[in-house]
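Enquirer:
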Amino acid sequence: MSPSSIIAALKKCNEPTLSSKGDEKMEPSISTTDIQPGDILLLHYVPEDNKVAEMLKLLKLAHQAVEDWKHWTNYDKETRETHFAALMPLIHFAITAFDNSRYFHAAIVGQDADNENVVIEAGPKGIMQTALKDYWDGPISVYRFHKDAVSLGDKLLPAGPVLKKASDLYKAGDIEYGYYHAGLLAIWCLFKAGEDTVLDHLRAALVLAFGAQATDMLFKLVGPETIKLFLVDIFHRALDRWRQKKHLVCSEMVAVCFNQADSLGTYKISRELCKSARINTAAEQQPNQPALSEDVESAIRTLADAFDGLEVDRPLRAVDVALALVSSDVLYTPSDLERSVSTFDIGQM
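Just so you know, we're using the numbering used here here: the sequence shown kicks off at 92 and counts up by one.
The following block contains the structure:
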């Protein structure tokens, strides 16, 4: 193992984490030749350049989400998946904003039959495989697993078991994309600290993304308790669906590749977070929110109107009780993979 790999692994929890474009420090730029099998790819959420256009896009999607929820029981499986797919940009935003992160998607680098590096990920068509050179053209941060200062790929920590698990998931051909899981991840980011903190957490995230004026207007028109009950309802229903077998989303799939690589837990991605774990807020992505335009005000009112007639059942179980039932071996967000003491930053593609 090279000394530089040991140093990199040790540095992660002892120095400020390298941050994104616009910060004082930059992640080192790397190419595909720097990437090794077993590396974790974390894709950045990239908002619209026009801040008003970004706000309008997300508000319209939020309106559609509420309308869908009203009629969800009348949709068949195909219709539900079609509507969920259309809402994915909103879910991607929510995962990053609610988890104080910049990452909306995770994938793992595997190898094909010719020992060429490929990207294996959970997507709308199930577990998919793409040549690394042909992968996503947006910003991607690369993280590498390590244990006791030994990096994945070293002879003391071979990548084979992780790669085999990734390959087996791809070859199985029977794993569907967990649309409910994606929604659950987004809402789970709000509830991880407990049910009592949800509204404060939500307000803070929306202020950073949309500004105080838009957030205050939404909360005034809808009402905090209505919003909270709506989120609790989504959380419980999504959690029930999450327990279905053979459904995975991106960061879940990556976690499975490591946590189930062997029976000894050799490659388990720790839940312990680095003390210096980077918190990248939505403010870094969309600073200086503009004053409310007529179009934005109209979109907020339309969203608020959608809550009229929405029947939300108060759940029998408390959210904190439901959280205790969640499997910690599977339900990971992209930022959980980033901030874990088990991974360190290689650089940005």
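Built from N, CA and C at the ideal position, the CB exists for glycine as well.
#1: Pair every Cβ in the stretch 200-213 with every Cβ in the stretch 292-312, then say whether three or more of these pairs are closer than 8 Å.
#2: Residues in its own chain within less than 7 Å of Thr317 by CB, not counting five upstream and five downstream?
#3: If you check the beta carbons only, do Leu248 and Ala198 fall under 8 Å apart?
#4: Per DSSP, which residues does Asp436 bridge with? Please list them.
#5: Shortest alpha-carbon distance to Leu293 belongs to which of Gly274, His272, Leu322?
#6: Tell me whether Ser431 is buried or exposed, calling it buried when 16 or more other Cβ atoms sit within 10 Å of its Cβ.
#7: Quick one: Cα of Gly201 to Cα of Asp130, how far?
#8: Let's see if you can read the secondary structure: which residues bound the beta strand (DSSP E) around Leu134?
#9: For Thr424, name the three-state secondary structure that DSSP assigns.
#10: If you draw a straight line from the C-alpha of Asp324 to the C-alpha of Trp279, how long is it?
#11: Does the count of Cβ pairs from the stretch 252-261 and the stretch 157-170 closer than 8 Å reach three?
#12: Quick one: give me the first and last residue of the beta strand (DSSP E) that Ala176 is part of.
#13: Look up Asn350 in the DSSP assignment and say whether it is helix, strand or coil.
#14: To the nearest angstrom, how far is the alpha carbon of Gly217 from that of Thr187?
#15: Which first and last residues belong to the beta strand (DSSP E) in which Val38 is found?
#16: What do you get for Leu355, buried or exposed, if any count of 16 or more other CB atoms within 10 angstroms of its CB means buried?
#17: In the DSSP assignment, find the beta strand (DSSP E) that holds Glu212 and state where it starts and stops.
#18: So if DSSP puts Thr288 in a beta bridge, which residue, or which two residues, is it bridged to?
#19: Can you grab the Cα-Cα spacing for the pair Thr357 / Ala156, in whole Å?
#20: Note down, in chain order, each residue of its chain lying with its Cβ closer than 7 Å to the Cβ of Gly229, except the 5 sequence neighbours on either side.
#21: Do you know offhand how far Asn141's Cα is from Asp386's?
#22: Would you identify the three-state DSSP class for Ala382, choosing helix, strand or coil?
#23: Do Phe282 and Pro425 count as a contact pair if the criterion is CB distance below 8 Å?
#24: Under DSSP, the beta strand (DSSP E) around Gly251 begins and ends at which residues?
#25: Taking DSSP as the reference, what is the three-state secondary structure of Ile218?
#26: For Asp239 and Ser433, I'd like the C-alpha separation in whole angstroms.
#27: Here's the rule: buried if 16 or more other CB atoms are within 10 angstroms of the residue's CB, otherwise exposed. What is Lys116?
#28: Give me the DSSP bridge partner(s) of Leu247.
#29: With a threshold of 16 other CB atoms inside 10 Å of the CB of Gly314, please say whether the residue is buried or exposed.
#30: With distances taken from CA atoms, which of Ala382, His327, Gly438, Asp291 is nearest Tyr189?
#31: Go ahead and label Thr306 buried or exposed: buried means 16 or more other beta carbons lie within 10 angstroms of its beta carbon, across all protein chains shown.
#32: Once DSSP output is grouped into helix, strand and coil, what is the label at Ala374?
#33: Would Tyr234 pass as a contact of Asp436 if the rule is Cβ separation under 8 Å?
Expert: To lay it out plainly:
#1: Not touching, per the Cβ criterion.
#2: If you number the sequence shown from 1, residue 317 lands on position 226. Within its own chain, the residues whose Cβ lies closer than 7 Å to the Cβ of Thr317, once the five positions on either side in sequence are excluded, are Phe398, listed in chain order.
#3: As a first step, residue 248 must be located in the sequence shown, where it is residue number 157. As a first step, residue 198 must be located in the sequence shown, where it is residue number 107. No; because the gap between Cβ atoms is not below 8 Å, this pair is not in contact.
#4: Locating residue 436 in the sequence shown gives position 345, counting from the first residue. DSSP lists Tyr234 as the bridge partner or partners of Asp436.
#5: Here residue 293 is taken as the residue at index 202 of the sequence shown, counted from 1. For Leu293, the nearest C-alpha among the options comes from Leu322.
#6: Taking the first residue of the sequence shown as position 1, residue 431 is located at position 340. Taking all protein chains in view, the Cβ of Ser431 is crowded by 16 or more other Cβ atoms within 10 Å, so the residue is classified as buried.
#7: For this step, residue 201 is matched to residue 110 along the sequence shown. For this step, residue 130 is matched to residue 39 along the sequence shown. Cα to Cα, the separation comes out at about 8 Å.
#8: Here residue 134 corresponds to residue number 43 of the sequence shown, with the count starting at 1. Counting along the chain, the unbroken beta strand (DSSP E) around Leu134 starts and ends at 131-135.
#9: Residue mapping note: residue 424 aligns to position 333 of the sequence shown, counting from 1. Look at Thr424 here: in three-state DSSP terms it is coil, with no helix or strand label.
#10: Residue mapping note: residue 324 aligns to position 233 of the sequence shown, counting from 1. Residue mapping note: residue 279 aligns to position 188 of the sequence shown, counting from 1. For Asp324 and Trp279, the gap between their C-alpha atoms comes out near 12 Å.
#11: Taking 8 Å as the limit for Cβ pairs, the verdict is that the stretch 157-170 does not touch the stretch 252-261.
#12: By one-based count along the sequence shown, residue 176 stands at place 85. For Ala176, there is no enclosing beta strand (DSSP E); the enclosing alpha helix (DSSP H) covers residues 168-177.
#13: Taking the first residue of the sequence shown as position 1, residue 350 is located at position 259. Residue state, collapsed to three classes: helix.
#14: Position 126 of the sequence shown, counted from the first residue, corresponds to residue 217. Position 96 of the sequence shown, counted from the first residue, corresponds to residue 187. Approximately 22 Å between the Cα atoms of the pair.
#15: No information on residue 38 is available, as it lies outside the stretch 92 to 440 that the chain covers here.
#16: Reading the sequence shown from its first residue, position 264 is the one you call residue 355. Per the 10 Å Cβ criterion, exposed.
#17: Numbered from its first residue, the sequence shown carries residue 212 at position 121. First-last of the beta strand (DSSP E) with Glu212: 208-214.
#18: Residue 288 sits at position 197 when you count from the first residue of the sequence shown. In DSSP, Thr288 forms no bridge with anything.
#19: For this step, residue 357 is matched to residue 266 along the sequence shown. For this step, residue 156 is matched to residue 65 along the sequence shown. Taken atom to atom, the span from the alpha-carbon of Thr357 to that of Ala156 is near 41 Å.
#20: Taking the first residue of the sequence shown as 1, we reach residue 229 at position 138. Contacts found: Leu134, His135, Val137.
#21: Sequence index remark: in the sequence shown, residue 141 carries index 50 (1-based). Sequence index remark: in the sequence shown, residue 386 carries index 295 (1-based). Going from the Cα of Asn141 to the Cα of Asp386 covers about 14 Å.
#22: Working through the sequence shown from its first residue, we reach residue 382 at position 291. It is coil, neither helix nor strand.
#23: Along the sequence shown, read from residue 1 onward, the residue named residue 425 stands at position 334. Along the sequence shown, read from residue 1 onward, the residue named residue 282 stands at position 191. Judged by beta-carbon spacing, Phe282 lies beyond the 8 Å limit of Pro425, meaning their Cβ atoms are not closer than that value.
#24: For the purposes of this step, residue 251 is taken as residue 160 along the sequence shown, with counting starting at 1. Gly251 -> not in any beta strand (DSSP E); alpha helix (DSSP H) instead, spanning 251-263.
#25: Counted from its first residue, the sequence shown places residue 218 at position 127. Residue state, collapsed to three classes: strand.
#26: Taking the sequence shown and counting its residues from 1, the one referred to as residue 239 is at position 148. Taking the sequence shown and counting its residues from 1, the one referred to as residue 433 is at position 342. The alpha-carbon of Asp239 is positioned some 9 Å away from that of Ser433.
#27: Here residue 116 corresponds to residue number 25 of the sequence shown, with the count starting at 1. Bear in mind that the predicted position of Lys116 carries a pLDDT of just 47, short of 50, making it too unreliable to give a figure here.
#28: Within the sequence shown, the letter at position 156 stands for residue 247. Looking at the DSSP output, Leu247 shares a beta bridge with no other residue.
#29: Mapped onto the sequence shown, residue 314 falls at position 223. Counting Cβ neighbours within 10 Å, Gly314 comes out exposed, since fewer than 16 surround it.
#30: Here residue 189 is taken as the residue at index 98 of the sequence shown, counted from 1. Contrary to the premise, residue 189 reads as Phe rather than Tyr in this sequence. When only C-alpha atoms are compared, the closest one is Asp291.
#31: Taking the first residue of the sequence shown as position 1, residue 306 is located at position 215. So Thr306 counts as buried.
#32: Walking along the sequence shown from the start, residue 374 turns up at place 283. In this prediction, Ala374 scores a pLDDT of 41, lower than 50, which makes its location untrustworthy; the coordinate-derived value is nonetheless stated afterwards. In this structure, Ala374 counts as helix in the three-state DSSP scheme.
#33: Taking the first residue of the sequence shown as 1, we reach residue 234 at position 143. Taking the first residue of the sequence shown as 1, we reach residue 436 at position 345. Taking 8 Å as the Cβ cut-off, Tyr234 and Asp436 qualify as a contacting pair.
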